[in-house]
Each structure stands twice: as structure tokens, then as C-alpha cells.
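To start, the structure itself, in C-alpha cells.
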Amino acid sequence: MAALGSFNRLFNFATNTCVKRILPTSTNKQYYLGLKLQQIEVAGYATRKQPIRYKLPWFKPEPSYQEEIPEEYEEKKEKAAADIINKINKQIATNQVGRLFAVIYLCGTQFKITENDVIAIEGHWPPQPGDQLNLEKVLLVGSKDFTLIGRPILNRELVSVNATVIQKTLSHTITRFRMRPRKQFKRINCKHDMIINIIIKKIVQLFLTRIPRTMLRINSIIINGEVDKKKEVEGLDRIY
Amino acid sequence: MVFLTAQLFVRSRGPDEFWRKRQIFKLAAHYIGRKRNCYSIAIKNVHRALLKTTRGRQLKKQDMRELWETRLNGATHEHNISLRILLEGLNRCNILLNRKSLANLAIWEPRTFKCLSDIACAKAKLGGIKRVANNSMPETVMIKGLVDELD
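Residue numbers (the working numbering), protein chains in the order written: chain A, 287 to 526; chain B, 4 to 154.
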């Protein structure tokens, strides 16, 4: 078939060129419909007959990560899980969870916190002393009997972590000093080195650089409502 | 200071000798022996110390990361997986805890860490990673919720 197809194409090409030379284009169209049916050329975007190969032939194909549930999967597990979730909900409802801990994401770092903790946040951070904050990026909340793990964060209505800014201070003095012995090269806190510091708005003086530090008191970690339940409407507390 | 000639202008550099030395002696105040009293010895040690603090700020970050990895390696081998599997499995589950908080959890909340390592192991097994081929599927994990479907 392939040979026949190629021959056909060759024949087509030959006749087309010959006919075009002899006759004007309009007659060509009229008399040789059979030729046109096989190959209709349309002026338009340039198209490739073969798709572009992004992969090299000597590379192995990428493994597919399509995951499948193994066959020996038991339905009983779902019932057990439902029981556990019921127990957790009962604990939350009767307030028997005890002291909770949480892992939160704040200012580019993760902190493991419990109630009444004080954490220090480094670098420029706008909140002022006395501000009441609700920390919403909660990665994980745990109690003595259960742990809720966020993918990557928990629903902000499910868990509320309340905190207060108690202090804004500065760290000890930081000096950036470079020197090469016996080469007459010595730089201290030179401008080039301090670019990073200026970005996060540290205080830059001739000899002194200090990083701002904010102390944050964690007032409470509370689980609101029930676990593993989807509400009909969410986010009503936040209408701007 | 009055600079009558260009030569004198070149000669006078920086603040007065006393203040220049005092800056160094201030930094050497807590040293012991001649390091704190003799200028030529003090300045050597002050320079050494400043160089080390500058370098140490980066080294501390690297060292802490190494420490967390060592701790996590120990913790994960208790549950028959390795650190690589833990991180890969959790990442595929979209659980974005970093090394610091994972190491903290491994030390202070071992039961939470056990759950995390189980989830990572199950996810790795679903993804067909060879290293966990010999591990049995953790029984505590609900596999149905873990499966991702490709588009």
C-alpha cells in the first residue's frame, strides 16, 4: 500500500506540474477534478505532517504514576474509619481533646506551637505590638488521640489559631567581615554585602546591623465544628 | 586637621589612632591575656573572630539541615522506610511539612510521625517505588483517599 501511495503522489506531482505549465489555472481546476480530490492544498497556516518529537528515541518513556487501588482492599476499613471520625467528633463536641499542638506556616518558616507559646519571627514584619492575629496557614493540628493533617493546609474555618504580637525588638549586632590575610584586602559591612539586609529593611549603619524580631504569643488553638464534614456554604465570614 | 599640602592630606587617614584602636579593643574586651591588651595581638584575633562569625551564619543553616536529616533518618528507619521515601511520599500527597517540623514531630509527637510515615509509605507503594516493594501496605491508611488520578 505504501509503495502504491508514494507512486500516486509522484504521479500527481508530475501531472500537476506538466498541466500547470500548459494550461492556465482555471482550466486545470475544471478538467482535473480527480487529481484535486486526492490532494487538496489550502493556503493557510503552515502545518507539520508529523508531530514534533519532544522526546529523544533513545530515552526510555516516562513512567506513568497512575495509581490504582490494590485488589485486596477491604471495604471494612471504611467503616472503621467512619467510627474513628465519629469518636474524634465526639471528643471535640465534649471538649475532651486536651491541649492541642499545631504546625503553622508563618513568614516563610514553619513553627510547631501549642497554647501559651512565644515564638520569635525574624525580619521585617508589619504587625505592631498589641495586634490580634488569626493565623490561617495551619499545616497540622494534633491532640493526644488524633492528628489532623492538611494537604497542604487545613480548612481555615475548621481550625483557628489566635495570637497576639507582644513585642518588637532587634537582634544582636551582626557584622559581615571579609578579609584576605597578607593581601591588603579588608571589607566590613560594605554596601555590596548589605544588599540582602537592606531588602528586609534591617537597620544599616556604618558598623551596626541588627535584624528586627517580633515576639508572638499564641493565645489559643481551637478546632471549630466537626471533622470530615463539608459545609454547604464556606467563607461567609470574609466578604470585602 | 588642616591640610596645607597634598602630602599631608595623603598621610592623614581615618580617625585618630586612639579611637581606631579602641574600636578593636572593645571587640576584644572579653578575651583573655595579651589578646585583650596588646593591640597587634588583639587585632589578629578580632579579625579571626569576625571572619568566623560571618562564615558561621551560613554554616549554622547547613548544619541544622544536616542535623534534621540525621534525626529523620533515624526516625524513619524505625518504621522501615528511608528519609527519601518519607519526603517523596509526603510531597506526592501534597503534605508540605519541612525537615525542621518533621524532625520536631518525630521527637515530640512520635505517634503523629508514625502516621505520617505510614502515609508516605502507602503513597510510595501506590506510585510503584522500588525501594518500598518489600514493605507491606500499612493497614491504618485509607488508600482510596490517597489515589491521585492523572488528567
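Every residue, glycine too, gets a C-beta built ideally from N, C-alpha and C.
Using a beta-carbon distance below 7 Å, is residue i in contact with chain B?
i, result
"glutamine 453 of chain A", "no"
"threonine 495 of chain A", "no"
"lysine 469 of chain A", "no"
"valine 389 of chain A", "yes"
"arginine 558 of chain A", "This structure gives no information on residue 558 of chain A, because the portion of chain A shown stretches from 287 to 526."
"glycine 428 of chain A", "yes"
"glutamine 396 of chain A", "yes"
"proline 347 of chain A", "no"
"leucine 425 of chain A", "yes"
What's the call for residue i, buried or exposed, on a 16-neighbour Cβ count within 10 Å?
i, result
"histidine 458 of chain A", "exposed"
"isoleucine 525 of chain A", "exposed"
"phenylalanine 471 of chain A", "exposed"
"threonine 115 of chain B", "buried"
"histidine 82 of chain B", "buried"
"lysine 126 of chain B", "buried"
"serine 506 of chain A", "exposed"
"lysine 55 of chain B", "exposed"
"glycine 428 of chain A", "buried"
"isoleucine 509 of chain A", "buried"
"cysteine 41 of chain B", "exposed"
"methionine 287 of chain A", "Per-residue confidence for methionine 287 of chain A stands at a pLDDT of 46, beneath the threshold of 50, marking its modelled position as unreliable; no derived number is given."
"cysteine 118 of chain B", "buried"
"isoleucine 110 of chain B", "exposed"
At the level of alpha carbons, what is the spacing between residue i and residue j?
i, j, result
"phenylalanine 432 of chain A", "proline 347 of chain A", "42 Å"
"isoleucine 378 of chain A", "arginine 473 of chain A", "59 Å"
"leucine 7 of chain B", "aspartate 19 of chain B", "18 Å"
"phenylalanine 28 of chain B", "leucine 386 of chain A", "51 Å"
"alanine 406 of chain A", "arginine 503 of chain A", "9 Å"
"valine 389 of chain A", "lysine 469 of chain A", "49 Å"
"phenylalanine 345 of chain A", "glutamine 352 of chain A", "20 Å"
"glutamine 26 of chain B", "arginine 58 of chain B", "22 Å"
"cysteine 393 of chain A", "histidine 80 of chain B", "32 Å"
"lysine 373 of chain A", "glutamate 112 of chain B", "20 Å"
"glutamate 69 of chain B", "phenylalanine 397 of chain A", "18 Å"
"glutamate 520 of chain A", "arginine 134 of chain B", "42 Å"
"glycine 77 of chain B", "leucine 90 of chain B", "14 Å"
"glutamine 65 of chain B", "arginine 95 of chain B", "25 Å"
"glutamine 10 of chain B", "tryptophan 22 of chain B", "23 Å"
"isoleucine 3 of chain B", "tyrosine 34 of chain B", "Within the shown structure, residues of chain B are numbered from 4 to 154, placing residue 3 of chain B beyond reach of any answer."
"valine 150 of chain B", "glutamate 354 of chain A", "7 Å"
"lysine 454 of chain A", "threonine 400 of chain A", "21 Å"
How far does the alpha helix (DSSP H) with residue i in it reach, from first residue to last?
i, result
"methionine 465 of chain A", "Note, methionine 465 of chain A: premise wrong, no alpha helix (DSSP H); beta strand (DSSP E) at 463–466."
"phenylalanine 21 of chain B", "20–30"
"glycine 428 of chain A", "Taken as a continuous stretch (DSSP letters only), glycine 428 of chain A belongs to no alpha helix (DSSP H), being part of the beta strand (DSSP E) at 424–428."
"glutamine 61 of chain B", "42–81"
"proline 113 of chain B", "113–129"
"glutamine 414 of chain A", "Unbroken run through glutamine 414 of chain A: none, as it is neither H nor E."
"leucine 3 of chain B", "Residue 3 of chain B is absent from the model: chain B starts at 4 and stops at 154."
"leucine 522 of chain A", "Per DSSP, leucine 522 of chain A belongs to no alpha helix (DSSP H) and is neither H nor E."
"serine 372 of chain A", "The amino acid occupying residue 372 of chain A in the given sequence is asparagine; serine does not appear at that position. That run of the alpha helix (DSSP H) goes 362–379."
"glutamate 512 of chain A", "Neither: glutamate 512 of chain A is in no alpha helix (DSSP H) and is coded neither H nor E."
"isoleucine 88 of chain B", "86–95"
Quick one: does residue i have its CB under 7 Å from some CB of chain C?
i, result
"proline 498 of chain A", "Looking at the structure shown, chain C is missing, and the protein chains on hand are A and B."
Looking at the secondary structure, which residues open and close the beta strand (DSSP E) in which residue i lies?
i, result
"asparagine 420 of chain A", "418–421"
"threonine 459 of chain A", "445–459"
"phenylalanine 345 of chain A", "Where phenylalanine 345 of chain A is concerned, there is no enclosing beta strand (DSSP E), given that its DSSP letter is neither H nor E."
"glutamine 396 of chain A", "395–400"
"leucine 386 of chain A", "Unbroken run through leucine 386 of chain A: none, as it is neither H nor E."
"phenylalanine 471 of chain A", "471–474"
"valine 404 of chain A", "404–408"
"arginine 499 of chain A", "495–509"
"leucine 434 of chain A", "433–435"
Looking only at its own chain, which residues have a Cβ that is under 8 Å from the Cβ of residue i, when we skip the five neighbours before and after it?
i, result
"leucine 426 of chain A", "Ala388, Val389, Thr433, Leu434, Ile435, Gly436, Leu440"
"tryptophan 71 of chain B", "Arg102, Lys103, Leu105, Ala106"
Shorter than 7 Å from the beta carbon of residue i to some beta carbon of chain A?
i, result
"isoleucine 98 of chain B", "yes"
"threonine 79 of chain B", "no"
"serine 104 of chain B", "yes"
"glutamate 67 of chain B", "What sits at residue 67 of chain B in the sequence shown is methionine, not glutamate. Chain A, which has no Cβ nearer than 7 Å to the Cβ of methionine 67 of chain B, makes this no."
"histidine 33 of chain B", "no"
"glutamate 112 of chain B", "yes"
"isoleucine 146 of chain B", "yes"
"asparagine 107 of chain B", "yes"
"asparagine 101 of chain B", "yes"
"valine 150 of chain B", "yes"
Hey, would you say the C-beta of residue i is under 6 Å away from at least one heavy atom of the ligand GDP?
i, result
"phenylalanine 463 of chain A", "This structure simply doesn't include the ligand GDP, nor any ligand for that matter."
Output needed for residue i: all residues of its chain with C-beta closer than 7 Å, excluding positions within five of it in sequence on either side, in chain order.
i, result
"cysteine 124 of chain B", "Ile84, Ile88, Gly92, Val135, Asn138, Pro141"
"threonine 73 of chain B", "none"
What does a CB cutoff of less than 6 Å around residue i pick up in its chain, not counting 5 residues either side in sequence?
i, result
"glutamate 512 of chain A", "Asn375"
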